[in-house]
Amino acid sequence: MRVCVLLLALALFYGYRACGPAKLSDDAPALTGLSAHAPSPSATTPTHVDFNTQVRPLLESKCSPCHFTGGTMYARLPFDRPETIEKLGTKLFTRIRDEKEQRLIRDFLAQQAEKGQDRP
15 MRVCVLLLAL ALFYGYRACG PAKLSDDAPA LTGLSAHAPS PSATTPTHVD FNTQVRPLLE
75 SKCSPCHFTG GTMYARLPFD RPETIEKLGT KLFTRIRDEK EQRLIRDFLA QQAEKGQDRP
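In terms of the numbering used here, the sequence shown is residues 15 to 134.
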């Protein structure tokens with residue numbers, strides 16, 4: 015669990031450095047009460063996020079030219095595998111900027127982290 019939190023923190027740090035600070039409009043809500051803990055699924059999202067029916071189609075629409083079979087980056091980062099998404103975490107948000115899509119990825123990551131805690 016500590017490793018997951020550390021990797022998530024590093025991903026957020028390097029993602030911020032690569033993209034710079036977010037440009038918020040004056041009417042955007044302020045972010046308060048953030049913690050360094052792994053994200054948890056929100057009460058309004060489904061209890062189970064399925065990689066093949068929810069996450070993979072999202073990645074195919076955004077990342078297929080390079081990160082799916084036949085793409086130039088497929089050998090290094092195959093996005094058709096859940097373990098790749100777990101390793102990348104929120105680094106994906108440099109390309110996936112829609113709030114609902116980011117929430118889906120966060121919920122999937124939280125779900126995978128919970129599964130990892132359940133393993134002996």
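Cβ atoms here follow ideal geometry from the backbone N, Cα and C, with glycine treated the same way.
None of these values were measured; they are calculated from a predicted model.
Member of Phe122, Gly84, Lys76 whose CA lies at the smallest distance from the CA of Ser108: For the purposes of this step, residue 108 is identified with residue 94 of the sequence shown, where counting begins at 1. Reading off the sequence shown, one finds Thr at residue 108, where the question assumed Ser. Of the candidates Phe122, Gly84, Lys76, the one whose C-alpha sits nearest the C-alpha of Thr108 is Lys76.
Contact check, Leu118 vs Phe93, beta carbons under 9 Å: Position 104 of the sequence shown, counted from the start, is the residue given in the question as residue 118. Position 79 of the sequence shown, counted from the start, is the residue given in the question as residue 93. No.
Thr98, enclosing alpha helix (DSSP H) - first and last residue: As a working note, residue 98 is residue 84 in the sequence shown. Counted as a single uninterrupted DSSP element, the alpha helix (DSSP H) harbouring Thr98 occupies residues 96-102.
Cβ neighbours of Met7 in the same chain (closer than 7 Å, five flanking residues each side left out): The structure shown has nothing for residue 7, since the chain only spans 15 to 134.
Spatial neighbours of Glu115 in its chain, beta-carbon cut-off 7 Å, leaving aside the 5 residues before and after: Locating residue 115 in the sequence shown gives position 101, where the first residue counts as 1. Contacts found: Leu72.
Residues near Phe122 in its chain [Cβ-Cβ closer than 6 Å; skip 5 each side]: As a working mapping, residue 122 is identified with position 108 in the sequence shown. The residues are Val63, Val69.
Through-space distance from Thr67 to Glu97, alpha-carbon basis: Position 83 of the sequence shown, counting from 1, holds the residue named residue 97. Position 53 of the sequence shown, counting from 1, holds the residue named residue 67. Each residue's alpha carbon lies about 16 Å from the other.
DSSP state of Thr108 mapped onto helix, strand, coil: As a first step, residue 108 must be located in the sequence shown, where it is residue number 94. Shown here, Thr108 sits in a helix according to DSSP, grouped into three states.
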